[in-house]
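In mature numbering (1 follows the signal peptide of the UniProt record, and there is no 0), the protein residues as written are -19 to -1, 1 to 301. Backbone N, C-alpha and C define an ideal beta-carbon position, used for all residues, glycine too.
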């Protein structure tokens, strides 16, 4: 029996090594845990095109939306750990939801093997042009003087944009009323239409409306100014301290995926990010390409989970 066990282990080890060497030899699924058309979906489709050429196998984007990104994320957590099912990991399911939901069917820091970051997308605070403010100070003063007239929309309770608004209220004392929508697109549409007055939104989603003048930008919610809007101050420059809201996108696979496959995907994804087409398209969308090693990405996810947990705690935000 001992000899049989040894032989079985040797065969399993050989098969695993062979599978890693041959990877990929069939199409790869790239799961996006949100609906088609959003920034997360666009990011995945841009990268998948380059990845297909690099790996020599189709990389097929599949949208599995629902429950704040939890459905698609859980699908990958429970997938076969062979590298053929990747997740477009996003701030919400990986770093925010664990502190918002009473329970999740997956554990972001245990159930996944991080591959690499792909991009970061700082949020921006913008108002409808009808609001008589051009700076954050003016917005705060206006909100305090008119405590019932300013409504900010978000993609839904517990989203990064909702949390950004709650933290802003905490840091400034501004009187704002939250309006949750079923997604960022309808929230943005109501801001443009003037049915809400301000929003804490991602640059990829809002860039066209800002450039056309339908939204007036007041501050970048990050530590550095943004190249596409060099005249828009950071939120710190505008006088609000200890406030940094940065969305990010990355790639993870199921925990237990062989290290050789994870490293092969990491190398291919970094090469895809460096392509001229991805660089140009990301820039046009307001995305900042970022890559790192699997270990660095693992550390990053842990730090982000801690950071967002604190934001949720101090803001008092909840799903209720």
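- Shown here, residue 101 sits in a strand according to DSSP, grouped into three states.
- Cβ neighbours of residue 73 within its own chain (closer than 7 Å, five residues either side excluded): 49, 50, 140, 141.
- When the five nearest sequence neighbours on each side are left out, the beta carbons in the same chain lying within less than 8 Å of the beta carbon of residue 133 are those of 146, 157, 158, 159, 160, 177, 178, 179, 180, 181, in order along the chain.
- A distance below 7 Å separates the beta carbons of residue 52 and residue 45.
- Contact annotation: residue 112 and residue 198 have beta-carbon atoms that are not nearer than 7 Å.
- Listed in chain order, the beta strand (DSSP E) runs fully inside the region 169 to 240 are 179 to 183, 197 to 201, 227 to 235, counting runs of at least 3 residues.
- In the same chain as residue 70, and ignoring 5 residues on each side of it, the C-beta atoms closer than 6 Å to its own belong to 231, 233, in chain order.
- In the three-state reduction of the DSSP assignment, residue 155 falls in the coil class, being assigned neither a helical nor a strand state.
- Here DSSP, grouped into helix, strand and coil, assigns residue 129 to coil.
- One alpha carbon belongs to residue 241, the other to residue 93, and they sit about 15 Å apart.
- In this structure, residue 267 places its C-beta atom within 7 Å of the C-beta atom of residue 185.
- Linking residue 222 to residue 203 through their CA atoms gives a straight-line distance of about 11 Å.
- The distance from the Cβ of residue 187 to that of residue 169 is about 6 Å, consistent with a contact at the 8 Å cut-off.
- Here residue 131 is actually not in contact with residue 122; their C-beta atoms are around 12 Å apart, not less than 8 Å.
- A Cβ-Cβ separation of about 4 Å places residue 32 in contact with residue 40 under the 8 Å criterion.
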